[in-house]
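Asks: Its first residue numbered 4, the sequence shown is counted upward by one per residue in the numbering used here.
Mind having a look at this structure? Questions to follow.
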Amino acid sequence: MLVKEGKITREQLEVAIAEQRRTKTHLGKILNRLGFVTQADVTSALASQAGVKFVDLRSYNIDPAALKLIPHEFALKNKILPLSLINDRLQIGMANPLDIVTLDEVRRITNLQVEALAAPEDEILKTLDERYEKDEDKGEGRSKELGLFLEETIREAGALGIREGVEKSADVGSVIKLVDRIIIEAVKAEATDIHIEPDEKTVRIRFRIDGILHQFFSSSRNLQSAVTTRIKIMANLNISENRIPQDGRADFFIEEKRIDLRISVFPGVFGENIVIRILDKEKLIRGLERLGFSPQTFALYKQAINKQNGIILVTGPTGSGKTTTLYTTLSELNSREKNIITLEDPVEYLFPMIRQSQINPKAGLTFASGLRAILRQDPNIILVGEIRDAETMEMAIRAALTGHLVFSTLHTNDAAGAIPRLLDMGMEPFLLASSLIAVLSQRLVRVICSRCKEPASVDQTLLATVGWEGKGVSLYRGKGCPKCNQTGYRGRIGIFEYLHVSPQIGRLITERKDSKIIKELAMEEGMVSLREDGLQKALQGITTLEEVLRVV
C-alpha cells in the first residue's frame, strides 16, 4: 500500500524487509525507524487495511469526559487515547486498530460500545502526556513523588552501596534502582546527556535538555562510589581504575524500547565525573522534512544530495545537530542499489545496508588512511566523520573527482567560512571549486512549548537589534509550565544556511577570495543566512527572538 501511494520505493521496501528478517520487528516500525516514512504514513495504511477511520490528533477536539473513563496507566501501556463519548459509544484512537484484545479490555473497563479510530503512535503518546497532566498540581505532585523515591532509595542504600569490598545485596539493589531511575527520568525529560558531578560535600546530577544544563538532583557524597561502580559495570569498564579517563557504552531498555548509552568517566579532584550520552535512534532519524529546513533550502539540499559525485559539507560547532542531519540524509539515500560506507568517530547509530567503520588512530586507522582504503571498496556514497587535516581533505576531493558522493563535517561559524578553512589546509583552489557542491551551516534553537505558548510583548530595543524597529510584528513565548520544566521551551529545531557553489562562487574560490566576499555573492544569489532563517522561525511562532539571538 505504501509503495502504491508513492510513500516509499520498492528498493526501500526491500531494505526494510531485509532488516525485518534480522530483527523480527514490525515492518511499519522498521520503515519509520529507517526514516522512509512517518508514523502517520504507517498508521494511515493500517487504517485503510483495517477499514477504520484515520484521525489527525493535532486538530481533533478531545472530549474531557472520555478521558476520565480510562486510567492513564492503561492508556499509556496500550497506546490508546479516549477521543469522544456520544451516548453509549466511546471512540478511541489506537496506534494499532487491529488490536482486538485491547478493544475487548476497554469494553470491559467502560461497559460501553467502543469504536476504534487509527492515530499515529507518537501523537497518541504526546497527547496522553499533555492531556492527562493538564493541571500544574499533577506536575508538582510528580516532582514531589520523585524526590521522595530518591530520598527513600538513598536511605535504603545506606552509607555506601559497596562497602570495603563487601557487597550487600539490599544496598546493591537500591543503587541499581537509583541509577535506573535517573536514566529513566532523563529519557522522559528528553535529555541528551546526564552529568554526575562530585563536589567537596555533595554529588550533583544534571540533565542537558534542549542544549541547556538543568539540575535534577543533589545528594551527599555517600553514594558516589556505589553509583560510579554501578555505571562502570554497565559499561564494562575497569571498576578498580580511577586515575585515568575511561569510555564505554551500554544498552538500556525501557519497556521494549532500547536506548544506547555512551559513558565517559573522567577523574577529578573530588572523584570521577561521569557523563552519559543518551542516544535514541527513533528521535535521531525523523525525515529531512522534519529537521527545520525552509521550503527553498529543502528543495536545494534534496537536489544536491541526489547528485552522483562531489562533496557536501555540513558545518557548525559541537552540538549543532550535524550528525542528525547527516544520518538522516544517509537514511534518505539508503537503498539496495547503492554502496554506502562511513568512517566515524565514534559510530553512534547502526544502519542496515550501510557499512560503518570507527577510526582507530592507535591501530593506524585514521580518516585519511580509512578513506584511502574505502576507495577500493567500490562505494557510491562516502561519509567521513570530520575533515581534520590536509591529507583527509585531499583524499575526499580525489574521491569526489572519481565519481563518488562524499559527505563530511567541518567546524566553522558559517557556510562561507568553510572555503578559506579548506584552502588554508593546502588545497588547490581549482580542485576545491570543481568538487565542492555545497556547504550547509546549521545551529539548533529551542522550540516554544506548545502547552504554554502565548503572545509575547514586543521589546522595541530587541526589535531594533534585528532591524525590525517600527514594524508591526507578532511574536510568541512560552509562559512556563511543568511540561517544559518552567523554561517555556520544549524540543529543538534546526536553522540553516545553505551555500550552493555556483560557477560564480567557484570563480571566487579559484581567486582565493575571503569568506566575506563569497558570502556577499551567495546572498545576492539567494542564500538565506543563519540569522535570517532564525528570525523567520521567530516570526512563525516556532521560537523566540531571544533564543535566535542567543544561538546566532
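C-beta: ideal position from N, C-alpha, C; glycine also.
Using CA atoms only, rank isn't needed, just tell me which of 297, 116 and 433 is closest to residue 506.
Replies: 433
Asks: Out of curiosity, what's the CA-to-CA distance linking residue 179 and residue 233?
Replies: 7 angstroms
Asks: When burial is assigned at 16 or more other CB atoms within 10 Å of the CB, is residue 94 buried or exposed?
Replies: Buried, since its Cβ has 16 or more Cβ neighbours within 10 Å.
Asks: Measure the CB-CB distance between residue 316 and residue 426 and report whether it falls below 9 angstroms.
Replies: no
Asks: Just reading off the beta strand (DSSP E) that residue 57 is part of, what are its end residues?
Replies: No beta strand (DSSP E) contains residue 57, which DSSP labels as neither H nor E.
Asks: Which residues share a DSSP beta bridge with residue 602?
Replies: This structure cannot speak to residue 602, because the chain is shown only from 4 to 555.
Asks: For my contact list, residue 53 and residue 100 are in at a C-beta cut-off of 8 angstroms; report their separation, rounded to the angstrom.
Replies: 5 angstroms
Asks: Decide yes or no for the touch test of the region 228 to 243 against the region 305 to 321: beta carbon pairs closer than 8 angstroms, at least 3 of them.
Replies: With contact defined as three or more Cβ pairs closer than 8 angstroms, the region 228 to 243 and the region 305 to 321 are not in contact.
Asks: May I have a chain-ordered list of the beta strand (DSSP E) segments no shorter than 3 residues that lie completely inside the region 41 to 126?
Replies: 83 to 89, 92 to 97 and 116 to 121
Asks: Just the Cα atoms here: how many angstroms apart are residue 38 and residue 332?
Replies: 9 angstroms
Asks: How would you write the range of the alpha helix (DSSP H) that residue 327 sits in, first residue to last?
Replies: 325 to 336
Asks: Taking the runs of the alpha helix (DSSP H) that are 4 residues or longer, which of them lie wholly in the region 159 to 246?
Replies: Whole alpha helix (DSSP H) segments, 4+ residues: 172 to 191 and 227 to 237.
Asks: What are the partner residues of residue 553, as DSSP defines its beta bridges?
Replies: For residue 553, which the question treats as bridged, DSSP gives no partner whatsoever.
Asks: Which first and last residues belong to the beta strand (DSSP E) in which residue 282 is found?
Replies: 274 to 282
Asks: Over what stretch of residues does the beta strand (DSSP E) that includes residue 24 continue unbroken?
Replies: From DSSP, residue 24 is part of no beta strand (DSSP E) but of the alpha helix (DSSP H) over 13 to 26.
Asks: Is there contact between the region 517 to 533 and the region 404 to 421, where contact requires at least three CB pairs shorter than 8 angstroms?
Replies: Yes, they touch.
Asks: What did DSSP end up calling residue 464 once you bin it into helix, strand or coil?
Replies: helix
Asks: Just checking my contact of residue 537 with residue 498 at CB under 8 angstroms: how many whole Å lie between their CB atoms?
Replies: Yes, residue 537 and residue 498 are in contact; Cβ-Cβ is about 4 angstroms, under 8 angstroms.
Asks: Terminal residues of the continuous beta strand (DSSP E) containing residue 354?
Replies: Residue 354 -> no beta strand (DSSP E), and no H or E assigned at all.
Asks: Would you mind stating whether residue 273 and residue 224 have Cβ atoms separated by less than 9 angstroms?
Replies: yes
Asks: Excluding five sequence neighbours on each side, which residues of the same chain lie with their C-beta closer than 8 angstroms to the C-beta of residue 163?
Replies: Low local confidence applies: a pLDDT of 40 at residue 163 is under 50, so the model's placement there is unreliable, and no value is given.
Asks: Using the rule of at least 16 other Cβ atoms within 10 Å of the residue's Cβ for burial, across every protein chain shown, is residue 550 buried or exposed?
Replies: buried
Asks: I believe residue 325 touches residue 412 by the beta-carbon criterion, under 8 angstroms. Please report the beta-carbon distance rounded to the nearest angstrom.
Replies: In this structure residue 325 touches residue 412 by the C-beta definition: roughly 5 angstroms separates them, less than 8 angstroms.
Asks: How about residue 414 and residue 389: are their beta carbons less than 9 angstroms apart?
Replies: yes
Asks: Enumerate in chain order the residues of its own chain whose CB-to-CB distance from residue 16 is below 7 angstroms, with the five nearest sequence positions on each side excluded.
Replies: 6
Asks: Going along the chain, which residues of its own chain have a beta-carbon closer than 8 angstroms to the beta-carbon of residue 374, five neighbours each way excluded?
Replies: Result list for residue 374: 346, 385, 387, 395, 398, 399 and 402, in chain order.
Asks: On a Cα-Cα basis, can you pick out the residue from 501, 295, 472 and 553 that is closest to residue 495?
Replies: For residue 495, the nearest C-alpha among the options comes from 295.
Asks: Whole angstroms are fine: how far does the CA of residue 337 sit from the CA of residue 477?
Replies: 41 angstroms
Asks: Distance, Cα to Cα, residue 247 vs residue 379?
Replies: 38 angstroms
Asks: Is it right to say residue 409 is buried, meaning 16 or more other beta carbons lie within 10 angstroms of its own, or is it exposed?
Replies: buried
Asks: Comparing C-alpha positions only, which one of 72, 262 and 97 sits nearest to residue 81?
Replies: 97
Asks: Let me know the alpha helix (DSSP H) ranges lying completely inside the region 376 to 455, each 4 residues or longer, listed in chain order.
Replies: Counting only runs that start and end inside the region 376 to 455, the alpha helix (DSSP H) elements of at least 4 residues fall at 393 to 404, 421 to 427 and 432 to 438.
Asks: Tell whether a beta-carbon distance below 9 angstroms holds between residue 92 and residue 117.
Replies: yes
Asks: Considering Cα atoms alone, identify which of 258, 244, 222 and 24 is closest to residue 190.
Replies: 258
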